[in-house]
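Participant: Take a look at the following structure, please.
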Amino acid sequence: MYIDNVTELAFDDVTPEDPDFPFIQGLAEAGLISSKLSRSDMNLPEDLQDDHNLFSPESCLSRQDLVSWKMALDKRQLPEVDRNSLYKASGYIDIDKIDTAAWPALVADLAAGDQSITALAFGFTRLFQPDKPVTKGQAALAISTGDSTEVVLEELARIEAEKIAEAAVSAHGALVAQVEKDLNASFERDLKKEREKVETLEKLAEEARMELDRLRAEREEEKNILLRGRAAVESEMEVLSKLRSEVEEQLHSVLSKKVEISFEKSRIEKLQKEIENENLAVVLLQYELEVERKALSMARAWAEEEAKKAREHARALEEARNQWERQGIKVTVEGGLGDDASAGVTWASAGKEHPVDEAINRAESFLEKLKSMCAKMKVRSCDALERDAACEVLHCKPKAASSRCKALVY
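Each residue of the sequence shown is one higher than the one before, counting from 0 in numbering that gives the first Met the number 0.
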């Protein structure tokens with residue numbers, strides 16, 4: 000166990016900041032690997048101690064280090080060995096190149112015979128080459144031999160089980176990722192469908208709005224047509240007003256003629272002809288007034304029919320808007336759909352107090368006045384004829400006077 004500023008470092012090149020420091024320091028403190036700690040306990044010369052102050056963690060593992068470390072793990076105590084005993088046990092010709100600290104480990108390993116690390120990993124050779132790097136296979140073979148074989152196999156089994164568990168976890172993670180991917184894909188498909196539905200509804204709403212705008216434009220056009228028709232009716236009313244003034248002027252002229260006729264008693268025959276002409280003019284005027292009345296009645300019926308159509312069209316628009324609102328489509332109409340209906344009411348009210356009816360009433364009144372005027376003229380003419388007849392009776396002409404009076408009355 001390393002304690003900061005208390006425990007001595009086993010190697011100068013392995014500091015506490017190194018990620019493998021606890022393992023290397025622990026092996027050195029346990030005496031399983033050669034370090035500054037073991038060299039000081041073994042009372043070696045200073046020059047040999049300086050050679051083993053470095054661990055060189057990035058360098059390759061040498062043959063003598065592999066055998067020394069493995070024997071330190073397997074053997075609690077190693078024999079004391081000199082150069083001759085090592086040579087007899089191994090027959091290596093490069094013994095001088097081998098570190099003296101590794102001699103006991105080599106002798107202990109060679110004692111295993113064919114099952115030794117040197118025999119299995121390096122083969123039967125007389126040249127040990129202590130500083131030669133070992134391969135991964137040689138290191139694995141060295142770890143799997145000796146007294147710690149069972150421990151190594153258990154460790155390998157544990158590592159294999161961990162790998163299988165990691166593979167299972169990875170497979171589970173992959174399965175979870177696949178499920179998440181499938182769920183995301185399904186969600187994306189559903190989201191895409193919902194977006195398509197929203198786009199379709201937006202298109203339908205846009206089409207409904209365009210249709211509503213078109214209907215609104217058509218209604219505005221129809222309203223303009225009705226306004227133009229109303230202007231035309233007003234112009235006709237002005238024409239009828241002018242006709243009224245002309246009729247009144249003609250009435251004044253007839254009255255003036257009546258005054259002239261009343262003062263022309265001396266010219267009875269001419270008065271009779273004028274009365275007959277006036278009767279014919281009155282009949283013709285009555286006929287014209289009757290024709291004008293029929294025309295005005297037809298115009299009134301046409302106007303009422305147009306107002307009825309406008310009300311029906313407004314009712315149809317109101318029903319369409321209610322149907323759209325029941326379907327969830329909100330419709331906003333400026334002014335309301337009842338404008339056309341109000342227009343129909345205006346036509347209806349105009350039909351009740353229409354200037355055309357006033358013109359008809361005035362024409363009928365004028366006709367009654369003409370009839371009364373004709374009756375008065377007949378009475379006056381009859382009076383004049385009676386006075387003339389009286390004069391003729393006085394002159395013994397009663398039959399001629401009575402016949403003329405009857406003809407005039409007829």
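Glycine included, every Cβ here is placed at the ideal spot set by N, Cα and C.
Between the Cα of D113 and the Cα atoms of L105, V106, A104 and F123, which residue gives the shortest distance?
Facilitator: Of L105, V106, A104 and F123, the residue nearest in Cα terms is F123.
Participant: Taking only three categories from DSSP, how would you classify S265?
Facilitator: coil
Participant: Contact between the segment 241 to 258 and the segment 305 to 313: three or more CB pairs below 8 Å?
Facilitator: no
Participant: Decide if K35 is buried, meaning its Cβ has at least 16 other Cβ atoms within 10 Å, or exposed.
Facilitator: Counting other Cβ atoms within 10 Å of its Cβ, K35 reaches 16 or more and is therefore classed as buried.
Participant: On a Cα-Cα basis, can you pick out the residue from I94, D17, T99 and E275 that is closest to P78?
Facilitator: T99
Participant: Taking DSSP as the reference, what is the three-state secondary structure of P132?
Facilitator: Residue state, collapsed to three classes: strand.
Participant: Exposed or buried, which one is I260 when buried takes at least 16 other CB atoms within 10 Å?
Facilitator: A buried status is given to I260, since no fewer than 16 other beta-carbon atoms sit within 10 Å of its beta-carbon.
Participant: By the three-class DSSP mapping on this structure, what secondary structure does S371 have?
Facilitator: helix
Participant: Measuring CB atoms only, is the segment 295 to 302 touching the segment 204 to 222, in the sense that at least three cross pairs come out at less than 8 Å?
Facilitator: no
Participant: Taking the straight line between their C-alpha atoms, what separation do you get for L126 and Y91?
Facilitator: 5 Å
Participant: What are the start and end residues of the alpha helix (DSSP H) that includes N83?
Facilitator: R82 to S89
Participant: Do L65 and the ligand NAP come close, with the Cβ less than 6 Å from some heavy atom?
Facilitator: You won't find the ligand NAP in this model; it holds no ligand whatsoever.
Participant: May I ask you to report which of helix, strand or coil DSSP gives S34?
Facilitator: coil
Participant: Quick check on DSSP: helix, strand or coil for T6?
Facilitator: coil
Participant: Short check: CB of V106 to CB of L85, under 7 Å?
Facilitator: L85 is positioned such that its CB atom lies closer than 7 Å to that of V106.
Participant: Alpha carbon to alpha carbon, how far is N52 from V13?
Facilitator: 10 Å
Participant: Based on the DSSP secondary-structure assignment, which residues constitute the bridge partners of S61?
Facilitator: P132
Participant: Should S37 be labelled buried (16 or more other beta-carbon atoms within 10 Å of its own) or exposed?
Facilitator: buried
Participant: Which of the three DSSP states, helix, strand or coil, is assigned to E16?
Facilitator: coil
Participant: Taking Cβ positions only, does A313 come closer than 7 Å to chain B?
Facilitator: Absent from the structure: chain B. Only one protein chain is present.
Participant: Can you give the beta carbon distance from Q63 to A118, rounded, assuming they're within the 8 Å contact cut?
Facilitator: Not quite, the Cβ-Cβ distance comes to about 16 Å (not below 8 Å), so this is no contact.
Participant: Rounded to a whole number of angstroms, what is the C-alpha to C-alpha distance between K256 and V281?
Facilitator: 14 Å
Participant: What are the start and end residues of the alpha helix (DSSP H) that includes P103?
Facilitator: W102 to L109
Participant: Please classify K69 as buried or exposed, where buried requires at least 16 neighbouring CB atoms within 10 angstroms.
Facilitator: buried
Participant: Measure from the alpha carbon of L226 to the alpha carbon of each residue in V238, A309 and R292, then state which is nearest.
Facilitator: A309
Participant: Compare the beta carbon distance of V80 and A104 with 7 Å and say whether it is the shorter of the two.
Facilitator: no
Participant: Using three-state DSSP, classify K196 as helix, strand or coil.
Facilitator: helix
Participant: Rounding to the nearest angstrom, what Cα-Cα distance links E317 and R229 in this structure?
Facilitator: Cα to Cα, the separation comes out at about 24 Å.
Participant: For a test of the three-state rule: what should DSSP assign to Q326, helix, strand or coil?
Facilitator: coil
Participant: Checking 7 Å against the spacing of the C-beta atoms, do P129 and I97 come in under that value?
Facilitator: yes
Participant: So for R125, helix, strand or coil by DSSP?
Facilitator: R125 sits in coil when the DSSP states are folded into three classes, being neither helix nor strand.
Participant: Taking D108 as the reference, which of Q271, S185, G30 and S89 has the closest Cα?
Facilitator: S89
Participant: On a Cα-Cα basis, can you pick out the residue from K131, F20, R157 and F262 that is closest to I58?
Facilitator: According to the sequence displayed, residue 58 carries Ser and not Ile. Looking at the Cα atoms, K131 is the closest of the given residues.
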